[in-house]
Amino acid sequence: MSDQMNARNSKQSDMRKIVMIFLVIALVVVGGVAAYAFLNQSAKEQYFLAESKSMELLSEKVEGRYQSELDWSETTEQSPTKSDYELSVEYNDPGNQGVGIFSAAQIINNAKVNITSEVDKKNEKFATTLGASFANMDIGNLDLYLTGDELLFGLPFVEDVFKISNADLNKLLGEADPTMEDVNFINFKDYFRSADKVVRENLDHLLKNYMEVIYHKLPDEAFEMSSDQVEVNKESLKTDKITFKLSEKETKDILLEILNLMEKDEKLNEYMDLVFKQMLASPEYQHVFSGISYNLKDMIAEVKDNLDLLQIPEGITSTIWVHKGLVVKRDLSLSLAENNTSLLSLHVKGTQLLDKDKQVFQYEFNIGDEETKATFGINGDLFYDGKKSDDTITLLINDNEVIFTNDETFDGKKKEFKRHFEVPGQLKFMWNGDATYEKSNMKSNHQFAVEADEISGDMLTVHLKKTAETTKEVKIPSEGQVKDLGNMNLDELADFFENEVLYDMQEYLFNLMGPSW
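The sequence shown begins at 33 in my numbering and counts up by one.
As structure tokens, this is what we get:
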């Protein structure tokens with residue numbers, strides 16, 4: 033029984049590696065080849081130009097909708113900014129019941145959390161102050177500071193500001209968990225790197241360095257084109273049907289070529305090393321990647337060594353239907369197996385109509401092997417004309433569905449929105465608000481509420497107010513009562529917090545709450 037479980041776990045681990053490698057390659061194949069097709073006329077161009085043009089239209093619509101947010105995001109990348117948040121709750125107690133002087137509604141409605149956050153990404157400085165009050169009592173502030181090398185924090189009941197360096201923190205983590213020894217999972221500098229910016233930079237790198245190789249490796253004879261009449265969103269369309277098919281050998285040849293490039297690509301390896309470390313540092317991902325080396329070069333070398341064992345019996349088949357230069361229908365199928373194990377199959381099919389103001393799509397995904405199969409779909413009806421948007425997106429998972437609706441109006445620099453997530457007959461989450469963006473400042477108001485059985489939409493509302501503006505600099509404590517925690521080992525640190533800090537906290541709470549505490 034143990035041998036069977038080990039064999040199954042080994043199979044799952046190997047397949048995860050292969051799937052992860054394919055995901056990295058997929059980023060290149062669709063985008064990179066499409067971009068290169070613009071520069072090189074060939075029999076393959078209509079396929080990839082249609083894909084590229086379709087993606088470009090969707091990208092433009094997203095940028096048009098959220099240009100103000102994108103501009104402000106760029107401001108935060110280039111300049112120091114200060115943001116103030118105020119979080120409060122409005123509770124309407126149906127029974128209006130309470131114990132003692134205050135009812136639950138009074139206590140909740142008089143509670144408030146304030147956060148002031150300052151960040152300077154260029155100079156790697158971050159400072160935030162968290163304060164809270166309830167029942168007209170101020171419970172003090174928690175201060176947190178971060179640089180590219182150090183973490184500092186202050187507690188409301190301790191005069192000292194505590195400090196620990198990035199290196200010392202990783203050393204303590206290694207002491208607490210020997211499996212993390214000599215592995216720097218936490219890098220403070222990563223906080224100051226915008227995830228979106230990092231993805232864009234690495235995607236641009238992939239497109240630039242891989243597109244020509246992939247494009248030339250794809251044989252012209254792999255593409256066939258014919259005329260076809262199809263129905264999309266109740267419209268009958270004349271289309272060019274283009275089928276792209278690679279045999280198992282052709283797929284493996286291209287895969288090997290890409291793996292060789294990836295193996296030598298230091299920029300890609302550094303980026304994926306960062307991604308894997310961040311995932312392994314998160315408990316929710318640790319079981320997914322258990323037993324897998326997070327080093328991309330190791331993974332690539334192992335996949336290359338076992339490439340002969342990889343089976344792609346039907347190769348890859350992708351068909352698109354093109355109308356007026358845009359993809360209106362697609363069908364993609366792929367099956368993978370390793371060393372005569374059961375096939376892992378993926379089948380994607382769907383339709384889409386992409387117009388200037390309106391985009392409609394319906395897609396179905398089927399994935400699984402002989403033991404486990406899953407089906408899910410996504411349908412969308414999107415509208416945006418520069419002044420308002422009206423969207424509905426439905427996620428279908430087996431017999432269940434989740435519906436997202438979005439209603440926005442745009443008036444100059446101000447946006448008002450109503451965004452709802454709903455599981456019909458069970459739960460509805462409502463997010464309403466407004467936001468105004470200027471060149472050097474912004475402000476927004478958000479209200480969050482839930483509807484469910486015996487919970488009305490106005491029973492509990494969470495309010496979040498935000499104001500933000502550019503600032504001159506972010507100040508980090510560097511003198512005075514700064515205590516370096518990096519000089520202690522794990523036992524000394526535990527003893528210090530248990531015998532000194534905990535005592536100060538108890539005394540602080542006693543003074544705050546009074547003798548009843």
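Backbone N, C-alpha and C fix where the C-beta goes; we use that ideal spot for every residue, glycine too.
Start-to-end residues for the beta strand (DSSP E) that takes in residue i
{"i": "S120", "result": "T113 to Y123"}
{"i": "E92", "result": "Here E92 belongs to no beta strand (DSSP E); instead the alpha helix (DSSP H) covers E77 to R97."}
{"i": "R138", "result": "First, the residue type needs correcting, since residue 138 is Gln and not Arg in the sequence shown. Premise fails: Q138 lies in the alpha helix (DSSP H), A136 to N141, not in any beta strand (DSSP E)."}
{"i": "F584", "result": "The structure shown does not extend to residue 584, since the chain is modelled only from 33 through 549, so no value can be given for it."}
{"i": "L496", "result": "L492 to T502"}
{"i": "G186", "result": "E182 to G186"}
{"i": "K420", "result": "K420 to I429"}
{"i": "L375", "result": "Looking at the DSSP string, L375 is not in any beta strand (DSSP E), and its letter there is neither H nor E."}
{"i": "I218", "result": "Where I218 is concerned, there is no enclosing beta strand (DSSP E), given that its DSSP letter is neither H nor E."}
{"i": "L250", "result": "Note, L250: premise wrong, no beta strand (DSSP E); not H, not E."}
{"i": "G409", "result": "K405 to F415"}
CB contact flag (residue i, residue j, <8 angstroms)
{"i": "K195", "j": "K515", "result": "yes"}
{"i": "K445", "j": "E470", "result": "yes"}
{"i": "G412", "j": "F393", "result": "yes"}
{"i": "V262", "j": "T275", "result": "no"}
{"i": "I508", "j": "T160", "result": "no"}
{"i": "A82", "j": "V506", "result": "no"}
{"i": "D252", "j": "K497", "result": "no"}
{"i": "K153", "j": "T107", "result": "no"}
{"i": "L376", "j": "L368", "result": "yes"}
{"i": "L544", "j": "I171", "result": "yes"}
Collapsed DSSP secondary structure at residue i in the structure displayed
{"i": "F542", "result": "helix"}
{"i": "E256", "result": "strand"}
{"i": "A481", "result": "strand"}
{"i": "F442", "result": "strand"}
{"i": "N173", "result": "strand"}
{"i": "S367", "result": "strand"}
{"i": "S105", "result": "helix"}
{"i": "G63", "result": "Low confidence applies to G63: its pLDDT is 47, below 50, so where it sits in the model is not reliable, and the reading given next is rough at best. Reduced to three states, the DSSP call for G63 is helix."}
{"i": "D387", "result": "coil"}
{"i": "V434", "result": "strand"}
{"i": "M537", "result": "helix"}
{"i": "K154", "result": "coil"}
{"i": "S100", "result": "helix"}
{"i": "P456", "result": "coil"}
{"i": "Q513", "result": "coil"}
{"i": "D340", "result": "helix"}
{"i": "V190", "result": "coil"}
{"i": "K507", "result": "coil"}
{"i": "D566", "result": "Since the first and last residues shown for the chain are 33 and 549, residue 566 lies out of range."}
{"i": "I519", "result": "A quick correction: the sequence has Asn, not Ile, at residue 519. Note: N519 maps to helix in three-state DSSP."}
{"i": "D272", "result": "strand"}
{"i": "I147", "result": "strand"}
Rounded separation between residue i and residue j - CA only
{"i": "N521", "j": "N198", "result": "15 angstroms"}
{"i": "M504", "j": "S165", "result": "The displayed chain sequence assigns Lys, not Met, to residue 504. About 29 angstroms."}
{"i": "E267", "j": "D260", "result": "14 angstroms"}
{"i": "G457", "j": "G489", "result": "14 angstroms"}
{"i": "S120", "j": "I399", "result": "43 angstroms"}
{"i": "F3", "j": "D422", "result": "The shown model of the chain, from 33 to 549, leaves out residue 3, and the question about it has no answer."}
{"i": "E101", "j": "E440", "result": "14 angstroms"}
{"i": "L534", "j": "A136", "result": "29 angstroms"}
{"i": "D17", "j": "E122", "result": "Residue 17 lies beyond the range of the chain shown here (33 to 549); nothing can be said about it."}
{"i": "L414", "j": "T424", "result": "6 angstroms"}
{"i": "L339", "j": "E295", "result": "15 angstroms"}
{"i": "K93", "j": "L358", "result": "15 angstroms"}
{"i": "F255", "j": "G418", "result": "38 angstroms"}
{"i": "E511", "j": "T113", "result": "24 angstroms"}
{"i": "D192", "j": "Q513", "result": "5 angstroms"}
{"i": "K450", "j": "H495", "result": "14 angstroms"}
{"i": "L300", "j": "D236", "result": "11 angstroms"}
{"i": "T351", "j": "R362", "result": "6 angstroms"}
Residue i, enclosing alpha helix (DSSP H) - first and last residue
{"i": "F7", "result": "This structure gives no information on residue 7, because the portion of the chain shown stretches from 33 to 549."}
{"i": "T283", "result": "E280 to K296"}
{"i": "F528", "result": "L522 to F528"}
{"i": "K356", "result": "Taken as a continuous stretch (DSSP letters only), K356 belongs to no alpha helix (DSSP H), as it is neither H nor E."}
{"i": "D200", "result": "N198 to A208"}
Residue i beta carbon near the ligand COA (any heavy atom closer than 7 angstroms)
{"i": "V94", "result": "You won't find the ligand COA in this model; it holds no ligand whatsoever."}
*Is the number of C-beta pairs between the segment 526–544 and the segment 137–146 that are closer than 8 angstroms three or more?*
With a cut-off of 8 angstroms, the segment 137–146 and the segment 526–544 do not count as touching, because too few Cβ pairs lie within range.
_For the structure I just gave you, are there three or more beta carbon pairs, one from the segment 335–351 and one from the segment 267–282, closer than 8 angstroms?_
Touching, yes.
*Okay, do the segment 203–212 and the segment 234–250 touch, 3+ Cβ pairs below 8 angstroms being the bar?*
Contact check between the segment 203–212 and the segment 234–250: fewer than three CB pairs, one atom from each, fall below 8 angstroms, which does not count as touching.
*Any 3 or more C-beta pairs closer than 8 angstroms across the segment 184–193 and the segment 530–540*: Segments in contact, yes.
*Any chance the segment 381–388 sits against the segment 295–306, with 3 or more Cβ pairs inside 8 angstroms?*
The answer is no - the segment 295–306 does not touch the segment 381–388, with fewer than three Cβ pairs under 8 angstroms.
*Between the segment 287–295 and the segment 329–336, do at least 3 Cβ pairs fall closer than 8 angstroms?*
Flag = yes, the segment 287–295 and the segment 329–336 touch.
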